[in-house]
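Residue numbers for the sequence shown follow the working numbering, so the first one is 1 and each next one is one higher.
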Amino acid sequence: MIRGIKGIKDITPDEIPKWSVVERSAHALAQAFGFHEIRIPVFERTDLFVHSIGGTTDIVEKEMYTFPDKDGTSLTLRPEGTAGVVRAFIERGLKTYEASRKLYYIGPMFRHERPQAGRLRQFHQFGVEYVGSSDPSADVEVITLLWRYFSALQLPGLSLELNSLGQLADRQAYKEELVSFLKTKADGLCENCRRRLETNPLRTLDCKVPKCREATTDAPFLTGFLSTSSKEHFDRVLQGLQALAIPYSINPRLVRGLDYYSMTTFEVSSSVLGAQNAIGAGGRYDGLFETLGGVPTPAVGFAIGLERVILALPDSSLPELEPWVFVASFGKKGREVGNTLMDSLRSHHLKADTDYTASTLKTLLRSADRLNAPYVVIIGDDEAANNQVILRNMATKEQEIHALDSASTAIRKRLGFRKHVET
1 MIRGIKGIKD ITPDEIPKWS VVERSAHALA QAFGFHEIRI PVFERTDLFV
51 HSIGGTTDIV EKEMYTFPDK DGTSLTLRPE GTAGVVRAFI ERGLKTYEAS
101 RKLYYIGPMF RHERPQAGRL RQFHQFGVEY VGSSDPSADV EVITLLWRYF
151 SALQLPGLSL ELNSLGQLAD RQAYKEELVS FLKTKADGLC ENCRRRLETN
201 PLRTLDCKVP KCREATTDAP FLTGFLSTSS KEHFDRVLQG LQALAIPYSI
251 NPRLVRGLDY YSMTTFEVSS SVLGAQNAIG AGGRYDGLFE TLGGVPTPAV
301 GFAIGLERVI LALPDSSLPE LEPWVFVASF GKKGREVGNT LMDSLRSHHL
351 KADTDYTAST LKTLLRSADR LNAPYVVIIG DDEAANNQVI LRNMATKEQE
401 IHALDSASTA IRKRLGFRKH VET
């Protein structure tokens, strides 16, 4: 037997209802906020991610699925969505289209990391990118969409943390101070953080290794190095969230290590997920367009890991099952009439199913039980001859007789199914 790849998970039919809820909610809310869907390629040139994510990050150095094309070009399965969106925006000249200022995507991403709950090698993200505005109101709108999405799904134990990364000049002054401090604590840092001293010192602040957290307890924070304009921008973001009654806390350890990030950064977590509790994060990345060869363009966005959302999703968020019927038709004429009725129900978008391997009423009802069918339509040769069908409520065992000629409409009305029902 050929087995699936470790860390690559099948999404089976019993899991699909939860996936349908989180994906439908993503589409509905993104569109309600004026965002338009974009579909980007699953793989890109490796250089795109080296420039956007950073050549010294763990993602680029250890986690990307990279392979040579037949012409020798290095290609990579996308580890995140923002780089592809920005590349498409620049390459396709999307700035000329007003609808392209606000984009969202949903789809699989790929990273070679140790599989664990909610963290797979093929995983799925919902993300948005608001392009072209440096106004703090754009930050507020993106954060609001993120918060409303999780709230609509009734995820428990939510918390929103924010920080400001300031502008590049703010961070350059801060890095000098931070590196001087970290060098005095080098012996207490993990191996990764000692390496980051030279390549990415800000990332030492969000390291989850306990000894690193302890070593950086008294570290200076970036908030003390913000310029007046950076402080004003962050204050306006906080005021905007307060006006919308969105709760938040400020976390000075919340950082991003690359220079194209700026100003607002944020993260939402759920307390029910344990140590790996982050379910969505984002921020402003005003320098990325220029890094990827475009003109300087302000932008802000977020990405949500849908596997983690699924883990936190309560059953109460699932909608009630749509009404449907199992067609128990048997006998030569009964099967013929049953198939016709089943097609009529389906053509009006009411779910109808049967079991072609069962040929008696007893075995058909047994199949209906296994499928948890709420209603069964019984049609044998006798019912067909009498121009009748029997509708059975499987929970109460109550039965109703309907004329065959009007059975499709009567059944849909009886089940409260309004779509395409004739009045």
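Backbone N, C-alpha and C define an ideal beta-carbon position, used for all residues, glycine too.
Computed from a predicted model, the values in this text were never measured in an experiment.
For D369, the uninterrupted alpha helix (DSSP H) segment begins and ends at 361 to 370. Within the stretch 375 to 418, the complete beta strand (DSSP E) segments of 3 residues or longer fall at 375 to 379, 388 to 393, 399 to 403, listed in chain order.
In terms of CA proximity to Q125, Y105 leads the group V142, V179, Y105, E398. Bridge partners of V327 according to DSSP: V377. Leaving aside the five residues that flank S74 on each side, the residues in its chain whose CB is nearer than 8 Å to its CB run, in chain order, R45, T46, D47, T66, F67, P68. Setting aside the 5 residues that flank it on each side, N251 is surrounded in the same chain by E161, N163, each with a C-beta closer than 6 Å to its C-beta; the list follows chain order. Look at the beta carbons and you see the stretch 351 to 361 not touching the stretch 306 to 316: under three pairs across the two are nearer than 8 Å. Look at S134 here: in three-state DSSP terms it is coil, with no helix or strand label.
E214 and L197 have their C-alpha atoms spaced approximately 16 Å apart. Counting C-beta pairs closer than 8 Å gives fewer than three between the stretch 364 to 375 and the stretch 396 to 405, which falls short of the contact rule.
Taken through DSSP and simplified to helix, strand or coil, Q125 comes out as strand.
For P108, DSSP records a beta bridge to H124. Closest option to Q242, judged by alpha-carbon separation, among T144, V21, I8: T144. Fully enclosed beta strand (DSSP E) runs of no fewer than 3 residues occupy 262 to 270, 278 to 284, 299 to 305 of the stretch 236 to 319, in order along the chain. Judged by DSSP secondary structure, A215 falls within the alpha helix (DSSP H) whose first and last residues are 210 to 215.
The beta carbon of G338 is closer than 6 Å to those of V327, S329, I379 in its chain, skipping five residues each way along the sequence. By the Cβ-count criterion, H233 is buried, with 16 or more other Cβ atoms from all chains shown falling within 10 Å of its own Cβ. K102 has Y130 as its beta-bridge partners, per DSSP. Along the stretch 174 to 231, the alpha helix (DSSP H) occurs as fully enclosed runs of 4 or more residues at 191 to 199, 210 to 215, listed in sequence order. Nearest C-alpha to L318 among E61, D206, S20, C190: S20. Per DSSP, the beta bridge partners of T76 are E44, T66.
Put simply, the backbone Cα of I2 is about 20 Å away from that of P115.
For E336, the enclosing alpha helix (DSSP H) covers residues 332 to 347. Assigned with DSSP and collapsed to three states, D355 falls in coil, not helix or strand. Straight through space, the alpha carbons of L345 and K351 are spaced by roughly 7 Å.
With respect to V325, L415 sits close: the two C-beta atoms are nearer than 9 Å.
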